[in-house]
Amino acid sequence: MSLIEEIDFGTPRAKSGTMVTLTIDGKEISVPEGTSIMRAAMEAGHQIPKLCATDMVDAFGSCRLCLVEIEGRAGTPASCTTPVMPGLVVHTQTDRLKKLRKGVMELYISDHPLDCLTCGANGDCELQDMAGAVGLRDVRYGYEGENHVFAKSNGEVNAAWMPKDESNPYFTYDPSKCIVCSRCVRACEEVQGTFALTISGRGFDSRVSPGMSESFLGSECVSCGACVQACPTATLTEKSVIEIGQPEHSVVTTCAYCGVGCAFKAEMRGEEVVRMVPYKDGKANRGHSCVKGRFAWGYTNHKERILKPMIRERIEDPWREVSWDEAFSFAAARMRGIQKKYGRDAIGGITSSRCTNEETYLVQKLIRAGFGNNNVDTCARVCHSPTGYGLSQTFGTSAGTQDFDSVENTDVAVVIGANPASAHPVFASRLKKRLRQGAKLIVIDPRRTEMVESPHVKALHLPLMPGTNVAVVTALAHVIVTEGLVNEAFVRERCDWTEFEEWAAFVAQPNNSPEATAILTGVDPKALREAARIYATGGNGAIYYGLGVTEHSQGSTTVIAIANLAMATGNIGRPGVGVNPLRGQNNVQGSCDMGSFPHELPGYRHISGDAVRDQFEALWNVKLNPEPGLRIPNMFDAAIEGTFMGIYVQGEDILQSDPNTSHVVAALSAMECVIVHDLFLNETANYAHVFLPGSSFLEKDGTFTNAERRIQRVRKVMTPKNGMADWEVTIGLAKAMGFEMNYSHPSEIMDEIAALTPTFTGVSYAKLDELGSVQWPCNEKAPEGTPVMHIDGFVRGKGKFIVTEYVATDERTGPRFPLLLTTGRILSQYNVGAQTRRTENVVWHAEDRLEIHPHDAEQRGVRDGDWVRLTSRAGETTLRAEITDRVAPGVVYTTFHHPDTQANVITTDYSDWATNCPEYKVTAVQISPSNGPSDWQKSYDAQARHSRRIAPAEAAE
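Heads up: the sequence shown runs through residues -1 to 955, numbered per our numbering.
What follows is the structure in structure tokens.
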């Protein structure tokens, strides 16, 4: 194995369809119009020396190393900024050019430290490489005089020298090694879109500055790593590289955080990860990353990770470490005993959206074929189950319509109930780049999120009251219908016209107008009308939405309303448009695809279908139960009733992530066997009887499916620290339960998935290795996958318009609970924080905070940073207040990343009418000053500490 080297062509690829032919160093080459001479030369196999140029950012032309000569032209233009033209004859290596380049390199080296042997970039330094490329052998200018290299010069303090900035937990900034090429500044602007870096000073005093000469940690830097990746010297270097050394081999794999599904090169020394570098050929991220995927992988080695199986008779007992065989036997005996005592349907399981497709498939197979029932569900139940329902009803598929590249052709983006800048940052960067090019943005969200206003981006913000999504989207449709903005040709050709007429008559009713709904939504009617007109007439319109849409009592209704809007305007079936759910976890799409819902087998086919069941029964050699099983909320209710007594939870922390924590505690406490399969003793494990240690994404093979339906390989880069990959753990448990599953590699599991699932029939590891990734459907009709859905027609045939009546949630404000709480994520943390809390990311977000408007805070005597008591009808907790006008009066907001807060003790049991997705986003609450943690938090913490005791090894013998 060796390092995967990616060619840097110096400048971005030109997208023109017109080809231009020129001659470079005697070789004729044809390239797209607009291509730089530098890139054309590289494509011809001629590498022109460069320092300021890289193909991730636009050409800059400052380093003067890439000079060329062009016959018939005077001077020596920079090849990075000079576009090709027909018939040009270019020379990249002449005596004149050699002399010029050596002179330029001498100037660079004369003000650069000569500590190459001990430098962190030794072996990976472009400055070093270019010095060799131009044949530099001497520096005529010497190293005396003014410089940025030495702290003292001639015995005096050197004012030009700056100390190394080590404030960021993941990388260092050494100004003495900076050559002011501006690559980091341009990467921050053009790739990330944060504009956190600049060049301060002029001439010899120029230097890279985070913000207004701040530290990297104290600046607006979001630690995406784009600057580190762009830096050609050791100025910006990963601390892991400094500590470990340069990597010696790399493996391409897929990030295990959000639903964007970024591809990375895991760069290794032996079985130790040196760094994760975003892969330029990754079709989801195109070489970019965020702080989580780029740097927050250290949890895989965290001291709190559990590496041995553990069991206990009662949850009050300490854990006892045992062998794998004993753990499997204990778990199987418990589960079989429950079935014997309470019946076959008394046990079930929950699949993981953090595990691979193959592992998820095996868990649902174990439950259906091994447990003998369909009591299987997944975390999508509490996030995007309304997406599956709403899009399948209207379009015929349970997934988004576009690939992420589609955003490059978008003219109007509507972001509803999502904050990509925090939850899907790499996609947010791609969207913001398009916005800076002139596309328009409409944000529909109770908060003024980071998407509303960012450098060179100003959105039209519709700050609705939580719970009124349906009313707002229906009001948008009202404007489109009543003002004659419907794309009638599209609707007549592609949709059911009778259903459209019924829907159009409904939305056109006066009570659905922006003016009539404003009293409910709080949205300015003029702004809403403007948004509707922009979306309907602005060109390619794309809708992106998140959990702020689905996690409502009318989550499915809102998804349907969004689909109606897209069909009415013809924004379906081509690049730049579509309906795009932003999935929260790395494989939440895949967990749904793999049959993790109690009523559906893999491929979203209902369990009651005889023909479908026959296929699975023939291959699995077992009779399947035709009745749908229990959803997660049903499992909890049945546990409290005493009829559901055993559960296998793979890679999910249901106690922290599910609503009404007290209800979940009661359910788990009532069960006689709770099996937790995870990396850490999470909150759910406090009530578990069996703990099966999991493996991280770095320790196994498999596939993830991201939010754009993209299936990508996950590749093992190290031996599982617990001794088993997760798929092997599930097979071991199944065998102990008396259900044999025989696979020697996850590729064989995927072959079985492909044999049983129509949308996956063309998927194999060989194809994924060949193409890098594919988007389902991948079958005979689309052998290389389907980037854009519904091009020639909807999967269901005709698009279906469905009337979406607004029904107010039962969760109401009143004198006792006058405020509305909504929840979300923050950039540095992920989901329940099990991974990110065990990394250096805690430096940015060490605790959950409650955002409250200054008016509401003043009324309650709350100051910034004060402890406040947050109370609802379901429970109470305490946390610190953050006073901000990002939330409107009457609305408060918090995250749910830290178990100390247990934000979900506040949320209620109200849920979506179609899918039981909990209504996390609307909870009536009251705020009052507090002195610290609540009694409930104290008792919960005491129970957790007691539950996590592990008996000494001697006592376990």
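We treat Cβ as the ideally placed atom computed from N, Cα and C, and that holds for glycine.
When Ala940, Lys237, Gly700 are compared against Gly588, the one with the closest alpha-carbon: Gly700
Assigned exposure category for Ser14 - 16 Cβ within 10 Å defines buried: exposed
Collapsed DSSP secondary structure at Ala912 in the structure displayed: coil
Beta-carbon gap between Ser1004 and Thr802 smaller than 7 angstroms: The displayed coordinates of the chain run from -1 to 955. Any statement about residue 1004 would go beyond what the structure contains.
Contact under 7 angstroms by Cβ, Leu679 with Ile304: yes
Within 7 angstroms, strictly: CB atoms of Gly394 and Ser554: no
Three-state secondary structure assigned by DSSP to Leu49: coil
Nearest residue (CA-CA) to Ile925, options Thr906, Gln857, Ala844: Gln857
Buried versus exposed, by CB contacts within 10 Å (16 or more), Ile517: exposed
Alpha-carbon spacing of Leu545 relative to Ile570, whole angstroms: 22 angstroms
Beta bridge counterpart(s) of Ile881 as assigned by DSSP: Ile850
Where the alpha helix (DSSP H) through Gln613 begins and ends: 608 to 618
Tyr387 (DSSP reduced to helix, strand or coil): helix
Cβ-based burial, Lys48 [other Cβ within 10 Å; buried from 16]: buried
Cβ neighbours of Ser60 in the same chain (closer than 7 angstroms, five flanking residues each side left out): Cys50, Cys179, Ser180
Rounded straight-line distance, which links the Cα of Asp749 to that of Ala954: Bear in mind that a pLDDT of 43 at Ala954, under 50, signals an unreliable position, so the number given afterwards is only what the model happens to contain. Taking the straight line from one Cα to the other gives about 41 angstroms.
Burial state of Trp495, where buried means 16 or more other Cβ atoms lie within 10 Å: exposed
Alpha helix (DSSP H) segment containing Asn562, residue limits: 553 to 566
Per-residue burial, Gly627 [other beta carbons within 10 Å of its own, 16 or more giving buried]: buried
Helix, strand or coil at Glu955 according to DSSP, with G and I counted as helix: Note that Glu955 has pLDDT 45, beneath the 50 cutoff, so the model's placement of it is unreliable and the number below is only indicative. DSSP places Glu955 in coil when its eight states are reduced to three.
Beta-carbon proximity of Gln300 to Arg708, cut-off 7 angstroms: Per the sequence shown, the amino acid found at residue 300 is His instead of Gln. No.
Where the alpha helix (DSSP H) through Thr480 begins and ends: 467 to 480
Where Tyr168 falls: helix, strand or coil (DSSP): coil
DSSP state of Phe678 mapped onto helix, strand, coil: coil
Candidates Glu849, Glu681, Phe262, Lys430, of which the one nearest Pro444 by Cα: Glu849
Boundaries of the alpha helix (DSSP H) in which Ser420 is found, first to last residue: 418 to 421
Ranges of the beta strand (DSSP E) found wholly within the segment 109 to 182, counting only runs of at least 3: 169 to 171
CA-to-CA distance, Glu670 to Glu324, given in whole angstroms: 18 angstroms
Simplified DSSP assignment, three categories, for Asn902: helix
Terminal residues of the alpha helix (DSSP H) in which Pro523 lies: 523 to 535
Counterpart residues of Ser771 in DSSP-defined beta bridges: Gln710
Neighbour-count burial assignment, Leu195, 16 or more Cβ in a 10 Å radius: buried
Close-in-space but distant-in-sequence residues of the same chain around Cys123 (CB under 8 angstroms, 5 per side omitted): Cys114, Cys117, Pro230, Thr231, Ala232
DSSP bridge partner residues for Ile309 (one or two, in chain order): Arg318, Val688
Test item: CB-CB of Gly257 and Ala949 under 7 angstroms: no
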